[in-house]
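Engineer:
4 protein chains.
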Amino acid sequence: MKKVESTKVAVFGASGYTGEELVRLLLRHPQAELVAVTSRQYAGKTVAEIFPRAGSYAVARRLQFTDAAPEKIGKEAEVAFLALPHGVAVEFAGPLLEAGARVIDLSADFRIKDPATYREFYAHEHAAPNLLNDAVYGLPEIYRDKISGARLVACPGCYPTSVLLPLIPLLREKFIEPADIIANSLSGVSGAGRKAEIDYLFVECNESVRPYGVPKHRHLAEIEQELSIAAGTAVTIQFTPHLIPVNRGILTTLYLKPTTTGRIDLAFDTAYANAPFVRLLGEEKLPDTKNVVGTNVIEIAWRHDPRTGRLIVMSAEDNLVKGASGQAIQCFNLMCGYEETAGLI
Amino acid sequence: MKKVESTKVAVFGASGYTGEELVRLLLRHPQAELVAVTSRQYAGKTVAEIFPRAGSYAVARRLQFTDAAPEKIGKEAEVAFLALPHGVAVEFAGPLLEAGARVIDLSADFRIKDPATYREFYAHEHAAPNLLNDAVYGLPEIYRDKISGARLVACPGCYPTSVLLPLIPLLREKFIEPADIIANSLSGVSGAGRKAEIDYLFVECNESVRPYGVPKHRHLAEIEQELSIAAGTAVTIQFTPHLIPVNRGILTTLYLKPTTTGRIDLAFDTAYANAPFVRLLGEEKLPDTKNVVGTNVIEIAWRHDPRTGRLIVMSAEDNLVKGASGQAIQCFNLMCGYEETAGLI
Amino acid sequence: MKKVESTKVAVFGASGYTGEELVRLLLRHPQAELVAVTSRQYAGKTVAEIFPRAGSYAVARRLQFTDAAPEKIGKEAEVAFLALPHGVAVEFAGPLLEAGARVIDLSADFRIKDPATYREFYAHEHAAPNLLNDAVYGLPEIYRDKISGARLVACPGCYPTSVLLPLIPLLREKFIEPADIIANSLSGVSGAGRKAEIDYLFVECNESVRPYGVPKHRHLAEIEQELSIAAGTAVTIQFTPHLIPVNRGILTTLYLKPTTTGRIDLAFDTAYANAPFVRLLGEEKLPDTKNVVGTNVIEIAWRHDPRTGRLIVMSAEDNLVKGASGQAIQCFNLMCGYEETAGLI
Amino acid sequence: MKKVESTKVAVFGASGYTGEELVRLLLRHPQAELVAVTSRQYAGKTVAEIFPRAGSYAVARRLQFTDAAPEKIGKEAEVAFLALPHGVAVEFAGPLLEAGARVIDLSADFRIKDPATYREFYAHEHAAPNLLNDAVYGLPEIYRDKISGARLVACPGCYPTSVLLPLIPLLREKFIEPADIIANSLSGVSGAGRKAEIDYLFVECNESVRPYGVPKHRHLAEIEQELSIAAGTAVTIQFTPHLIPVNRGILTTLYLKPTTTGRIDLAFDTAYANAPFVRLLGEEKLPDTKNVVGTNVIEIAWRHDPRTGRLIVMSAEDNLVKGASGQAIQCFNLMCGYEETAGLI
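Protein chains in written order, with the numbering used here: chain A, 9 to 353; chain B, 9 to 353; chain C, 9 to 353; chain D, 9 to 353.
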């Protein structure tokens with residue numbers, strides 16, 4: 009792909025935490041030119057008014073939210089980011105692609121290849137199954153080449169990113185039992201979005217920790233799809249998310265059964281030798297969300313337990329960056345032939 | 009007043025943070041017998057279901073929320089606590105008093121003696137001005153005797169309690185200039201109530217501090233009323249509340265001009281010699297909300313600044329206890345002739 | 009055992025978070041008379057000076073910390089609580105028992121029946137193996153009768169309490185595979201004690217979550233001892249603690265393999281029918297530490313996952329109350345023949 | 009000054025929060041080349057090991073902390089940043105200047121022009137009074153030109169920045185009474201540094217708010233020095249700092265007496281027309297630390313109170329960025345002739 013100096017981008021549905029983070033990352037990206045930001049709620053207001061932390065950018069003080077249609081914006085923007093709810097994003101993708109834009113979707117709408125699985129987990133029919141074949145799962149460390157050439161990228165969910173990056177190399181190398189995987193995840197409250205619900209009030213979350221979505225969280229659909237591909241066999245896992253009182257960060261602890269005495273460190277080293285955002289902590293250090301919050305990095309550490317024979321693998325990421333908007337930018341960089349780290353360090 | 013072994017009590021509108029704290033305090037009160045708890049939203053559910061932390065009390069596992077009318081409940085309950093929004097509480101007080109119950113109102117409805125002031129600050133006409141004469145301002149350290157005999161007690165707001173207890177002795181003794189009082193207050197988020205609003209989401213409050221209600225917060229009405237009484241002259245003060253990321257606690261810092269070199273410590277010692285919940289820290293220690301949270305105590309400390317000539321007085325309290333429900337119980341104890349500290353330590 | 013009106017108690021090493029909570033609980037206990045509180049660091053200061061939140065109790069304003077020897081205090085106190093570090097508590101127990109006091113130890117010193125296991129996990133020889141036979145593991149829901157008659161009680165650790173109460177009934181009924189147990193635990197920072205270490209600074213813990221002690225935390229010694237007793241076979245488990253930014257609270261998520269389609273609810277209902285502090289949430293609700301913080305309650309919920317065949321059991325407790333000081337009081341109540349809930353609700 | 013493509017910089021004493029933030033900002037600065045980072049404690053370790061969040065920068069993975077002497081480093085580095093404690097920084101400045109480096113000091117050592125004032129507030133003699141004349145107070149919005157040509161810049165304290173930027177324009181225009189200024193400030197815990205002290209433990213700060221340093225905090229020395237210059241008369245103010253449970257952020261509320269009905273908005277607009285990091289919120293909005301944390305922006309808002317005649321001015325900043333390291337970079341940009349915002353947006 010020919011390298012270009014800059015690319016015109018638009019963000020649809022930029023009113024939540026993911027959208028805000030995406031807009032801020034795009035504003036500081038040296039090769040992204042933000043030409044449109046949509047939000048019905050904020051139409052007519054400038055980006056700087058709604059996102060004060062973006063206020064140092066001249067573009068943010070000038071650019072107004074719009075509720076213009078994708079058909080129109082898709083003619084100007086070369087790449088469109090969808091930070092819309094699932095079930096809504098799907099309605100925007102088609103018109104944007106037809107208008108000539110490439111699409112990076114941060115919702116769940118194009119992550120699941122099988123419409124039946126989508127229906128099972130999201131409780132309604134997929135609205136554009138014809139586009140599913142074009143969609144590439146936006147995990148750059150795994151699908152770097154496909155993403156480069158994609159016109160429609162489905163960015164992974166925050167939990168899936170934290171589960172898949174540690175597990176895929178181990179499953180590919182057949183170092184662990186695919187039938188015996190447990191993922192225990194802890195997420196900051198921004199993962200719930202900017203929704204006015206009692207459950208997410210400060211007083212309800214502060215000095216509180218609680219599991220939720222037990223035992224069948226929606227993110228299982230994409231996690232198991234990708235693990236099955238890596239394992240070459242159908243994989244079903246146990247996954248329990250918990251809400252903890254931090255703004256940002258996901259910590260995932262994986263309980264695994266090794267099949268081999270093979271070198272875990274080599275499996276990870278090989279898989280992520282060229283992955284600028286995977287930080288392998290090995291058997292010495294342990295991950296901490298505060299070491300990755302505000303960055304696009306995922307930390308991965310592991311331990312063998314000689315007492316139980318199990319392998320414990322742990323990961324830490326920022327749910328809004330590596331788990332959402334930063335990963336979307338990483339995909340954008342690949343799609344445009346930019347440095348993979350452009351705008352992200 | 010003849011001491012009785014126990015008193016039947018009811019709580020109206022017990023669905024918020026203040027109501028929950030009140031119910032919990034009443035459940036552990038050795039002389040309060042909780043006979044009714046109302047909430048339209050929770051009618052039919054037990055107290056223990058809605059307030060799990062109260063679940064160790066047999067009464068909480070049995071007693072169900074009701075939406076019965078005050079006319080009915082007022083016949084059984086001897087004392088009714090109103091944890092209703094202002095403008096609503098006023099509608100319940102009359103029928104309860106008529107039914108023979110004494111009323112302890114935690115809303116603002118009966119705090120302001122002058123209906124015109126009420127209208128100015130609360131933007132509507134007072135609905136029962138005829139009851140205002142009966143209402144006693146429920147600050148036990150100041151109005152102990154009146155509260156004992158009252159049939160209608162208007163419990164102070166959380167901020168007013170933190171401002172009035174440090175200031176009233178100084179104004180009564182004419183130790184400070186009444187025309188030059190500044191109160192800077194910091195409050196935990198429970199002060200905003202259990203409302204599903206974006207502003208009070210965890211992510212919006214955590215890692216944030218902000219002023220609000222500048223320069224004319226509603227609590228000024230009652231603060232200035234009571235300060236004027238203490239000073240014997242009309243007092244207008246500067247008051248700025250701020251929201252800080254704690255569940256509970258108010259810290260107020262008062263900037264004052266002394267009129268005298270009089271002994272501040274003696275003024276406080278004298279005023280609060282028999283006040284079991286006022287902890288005078290003097291000139292050595294400084295208050296900290298964590299030392300009072302979960303208790304009915306207010307801490308008060310002070311410093312003279314020889315460089316500026318000002319007197320700095322600081323107070324700390326739990327906004328839900330001494331600033332609301334604990335203080336209501338303290339009034340209840342006085343009204344029933346119980347130990348002032350009953351159920352509160 | 010003959011019921012007495014009150015019991016003289018002493019607390020040794022009351023300077024940390026556990027000691028503070030214990031002192032506060034004893035001050036409000038209707039049948040405990042606190043006669044001595046020791047701390048080398050605070051000797052000569054009153055309890056109220058060091059623990060302001062206890063300041064409403066007359067005893068706290070009068071009683072001074074002492075560094076008197078256990079030989080002396082053991083003559084006055086009928087029951088001595090040890091809130092000392094492990095390795096230190098053991099030195100106090102002998103002299104206290106000899107002086108005639110009964111001892112409730114909150115350290116790890118008497119939890120492990122096998123001195124070799126103690127050495128393996130605590131890295132030094134046990135200093136009083138002769139006392140181990142007398143020690144009763146202080147988990148009232150499991151050892152109610154033995155505790156009643158004990159002269160030396162070893163209170164469980166905070167994590168063990170959260171793991172054992174959900175697991176013991178299931179192992180006893182042989183409802184789960186003893187060889188396939190994973191415990192993922194999250195703890196508030198008070199669990200680390202009041203130690204001036206960089207790792208526990210506000211800025212290091214706030215907006216952070218991290219695993220630690222992987223894979224062999226000391227608490228495994230007592231957890232596996234008690235699980236083995238319940239299962240009737242040697243049990244080795246996987247246990248991973250994590251530090252989360254709350255002051256108090258432990259949330260444990262257990263991943264289990266059922267052996268049966270037996271009624272989990274009946275197993276729990278039967279085991280805890282008379283346990284006033286076990287709140288069974290069943291398959292409908294999920295635990296939340298905020299529902300138990302400040303109480304002696306442990307919440308337990310469970311879910312079968314038809315997709316994986318696993319059983320997920322979750323518990324929530326306050327690490328300083330049910331996980332330490334509250335449980336010690338519960339043991340005290342049993343030892344003295346008081347209501348099990350005395351001073352705890 | 010001739011514009012150069014890049015400047016070699018060194019950071020001394022980079023082990024605390026300020027040093028870490030400074031290093032991260034320098035790593036992403038397009039024109040700063042980090043050639044040395046000193047820390048006795050971390051000597052031999054890479055920057056990436058100690059500051060994981062900086063780990064995405066190749067330089068951070070390569071550059072090791074050193075304990076080399078300033079004489080040596082000052083020959084390579086063109087600009088040296090001192091993130092050392094006060095009283096230590098002063099010992100490094102002389103050798104660095106002699107070696108030819110320009111010095112940007114983040115400690116208090118060169119902020120106070122009068123050695124007697126320094127002695128009064130810092131309790132020891134100034135160790136290099138001969139350098140005081142060369143030192144420029146590093147508040148770019150006020151001393152832009154002097155900073156550009158300085159060889160020794162004394163960066164303001166975090167509180168002083170939050171107090172001075174709102175007040176200086178008002179004092180210069182004589183819009184407020186210089187004798188009647190009250191500053192109430194709230195600071196996040198990172199302001200206390202990375203010190204292993206009980207007072208700053210998570211459990212001691214979380215769910216707590218407290219005043220400290222009442223009534224004579226050290227920052228008063230520089231605040232009053234700069235206010236006196238602006239007012240053209242000696243100014244003494246009231247200043248009360250408070251500790252609040254956030255990692256970062258300072259919120260200052262100023263209580264002022266206007267001398268005029270002059271246009272406050274014009275005073276601010278004029279003063280900060282060319283200040284890229286001052287965000288004037290006017291009389292409509294209120295500041296919130298979450299809007300500035302992680303940025304070099306200071307927000308300023310104001311309100312006239314017709315009831316009291318006072319003017320309330322409020323500011324919000326990130327204590328580690330605009331209050332320390334970001335401001336140091338801003339000075340660096342001016343000194344090197346770079347864009348004032350280089351590396352800061």
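Just so it is clear, CB atoms sit at the ideal spot from N, CA and C, and this is done for glycine as well.
The ligand COA and H134(C): does the residue's C-beta get closer than 7 Å to at least one heavy atom of that ligand?
Structural biologist: Of the ligands one can find in the structure shown there are none, so the ligand COA has no counterpart to examine.
Engineer: Taking the alpha-carbon of P266(B) as reference, which of T169(B), E181(B), L289(B) and A107(B) has the nearest alpha-carbon?
Structural biologist: E181(B)
Engineer: Could you give the C-beta distance for T261(B) and N192(D), rounded to a whole number, given that I count them as a contact under 8 Å?
Structural biologist: 6 Å
Engineer: Under the three-state reduction of DSSP, which class applies to N138(A): helix, strand or coil?
Structural biologist: helix
Engineer: Measuring straight from C-alpha to C-alpha, what distance separates I150(D) and A336(D)?
Structural biologist: 14 Å
Engineer: Would you call the segment 116-132 of chain A and the segment 288-304 of chain A in contact, with 3 or more CB pairs under 8 Å?
Structural biologist: In this structure the segment 116-132 of chain A does not touch the segment 288-304 of chain A; the number of beta carbon pairs closer than 8 Å is below three.
Engineer: For I38(C), which residues in the same chain have their Cβ closer than 7 Å to its Cβ, ignoring the five residues on either side in sequence?
Structural biologist: Reading off the sequence, residue 38(C) comes out as Pro, not Ile. Answer for P38(C): A350 and G351, listed in chain order.
Engineer: Is the CB of E215(A) under 8 Å away from at least one CB in chain C?
Structural biologist: Closer than 8 Å to some Cβ of chain C, the Cβ of E215(A) qualifies, so yes.
Engineer: If contact is defined by three or more beta carbon pairs under 8 Å, each pair taking one atom from either stretch, is the segment 28-45 of chain B in contact with the segment 55-70 of chain B?
Structural biologist: Yes: the two stretches touch, three or more of their Cβ pairs being nearer than 8 Å.
Engineer: Does F20(B) come out as helix, strand or coil in the three-state DSSP assignment?
Structural biologist: In this structure, DSSP gives F20(B) an extended state, which the three-state scheme calls strand.
Engineer: Could you tell me the distance, in whole angstroms, from the CA atom of V67(D) to the CA atom of Q49(D)?
Structural biologist: 20 Å
Engineer: Would V211(A) and S198(B) qualify as a contact pair, given that the criterion is a beta-carbon distance under 8 Å?
Structural biologist: yes
Engineer: Mind listing the chain C neighbours of N192(A)? Cutoff is C-beta to C-beta under 7 Å, in chain order.
Structural biologist: N192 and T261
Engineer: If you draw a straight line from the alpha carbon of T26(A) to that of D153(C), how long is it in whole angstroms?
Structural biologist: The straight-line gap from Cα to Cα measures roughly 56 Å.
Engineer: Give me the Cα-Cα distance between F385(B) and P78(B), rounded to the nearest whole angstrom.
Structural biologist: An answer regarding residue 385(B) cannot be provided, because it is not within the stretch 9 to 353 covered by chain B.
Engineer: Cα-Cα, which of R315(B), A162(B) and I184(B) is closest to Q338(B)?
Structural biologist: Closest by alpha carbon: A162(B).
Engineer: Check whether chain C comes within 8 Å of T349(B), counting only Cβ atoms and requiring the distance to be less than that.
Structural biologist: Yes, T349(B) counts as interfacial toward chain C.
Engineer: Please report the straight-line C-alpha distance between A242(B) and E234(B), rounded to a whole angstrom.
Structural biologist: 10 Å
Engineer: Three or more beta-carbon pairs under 8 Å between the segment 17-25 of chain D and the segment 128-142 of chain C, yes or no?
Structural biologist: Counting C-beta pairs with one atom in each stretch, the segment 17-25 of chain D and the segment 128-142 of chain C have fewer than three that are closer than 8 Å, which means they do not touch.
Engineer: Report yes or no: is there a C-beta of chain D within less than 8 Å of the C-beta of A204(C)?
Structural biologist: yes
Engineer: According to a CB-to-CB cut-off of less than 8 Å, which residues of the segment 25-38 of chain A neighbour chain B?
Structural biologist: Y25
Engineer: Taking DSSP's pairing of strands, which residues face H225(A) in a bridge?
Structural biologist: H225(A) pairs with nothing; no bridge assigned.
Engineer: Give a yes or no on whether 8 Å exceeds the smallest Cβ distance from V301(C) to chain D.
Structural biologist: The beta carbon of V301(C) does not come within 8 Å of any beta carbon belonging to chain D, so the residue lies off that interface.
Engineer: Going straight from the alpha carbon of T244(C) to that of V222(C), what length do you get?
Structural biologist: 15 Å
Engineer: Apart from the five residues on each side of it in sequence, which residues of its chain come closer than 8 Å, Cβ to Cβ, to E106(B)?
Structural biologist: Take E106(B), set aside five residues on each side of it, and the residues of its chain with a beta-carbon closer than 8 Å to its own are E79 and G82, in chain order.
Engineer: When the Cα of I320(D) is compared with those of P249(D), W310(D) and V329(D), which residue comes out closest?
Structural biologist: W310(D)
Engineer: What is the residue span of the beta strand (DSSP E) that S323(C) lies within?
Structural biologist: L319 to E325
Engineer: Taking contact to mean 3 or more Cβ pairs, one atom from each stretch, closer than 8 Å, check whether the segment 199-210 of chain C and the segment 200-211 of chain D are in contact.
Structural biologist: yes
Engineer: If I measure Cβ to Cβ from A51(C) and keep anything under 8 Å in the same chain, skipping five residues before and after, which residues do I get?
Structural biologist: Once the five neighbours on either side are set aside, the close Cβ partners of A51(C) are Q72, F73, T74 and D75.
Engineer: Which value, in whole angstroms, describes the spacing of the CA atoms of G317(D) and E232(D)?
Structural biologist: About 24 Å.
Engineer: What are the residues of the segment 39-71 of chain A that lie near chain D, defined by any Cβ-Cβ distance shorter than 8 Å?
Structural biologist: P60, R61, G63, S64 and Y65
Engineer: Could you name the residues of the same chain whose beta carbon sits closer than 7 Å to that of F388(B), not counting the 5 residues immediately before and after it, in chain order?
Structural biologist: Here chain B covers residues 9 to 353 and nothing more, so residue 388(B) does not appear.
Engineer: Taking the straight line between their C-alpha atoms, what separation do you get for L259(A) and P103(C)?
Structural biologist: Spanning the two alpha carbons is a distance of roughly 47 Å.
Engineer: Considering only C-alpha positions, which residue in the set G146(B), A97(B) and S156(B) is nearest to A136(B)?
Structural biologist: A97(B)
Engineer: Below 8 Å on the Cβ atoms is my guess for R315(C) versus K298(A); work out the distance and round it to an integer in Å.
Structural biologist: Their Cβ separation, rounded to whole angstroms, is 34 Å, which puts R315(C) and K298(A) out of contact at 8 Å.
Engineer: To the nearest angstrom, how far is the alpha carbon of A91(B) from that of L35(D)?
Structural biologist: 55 Å
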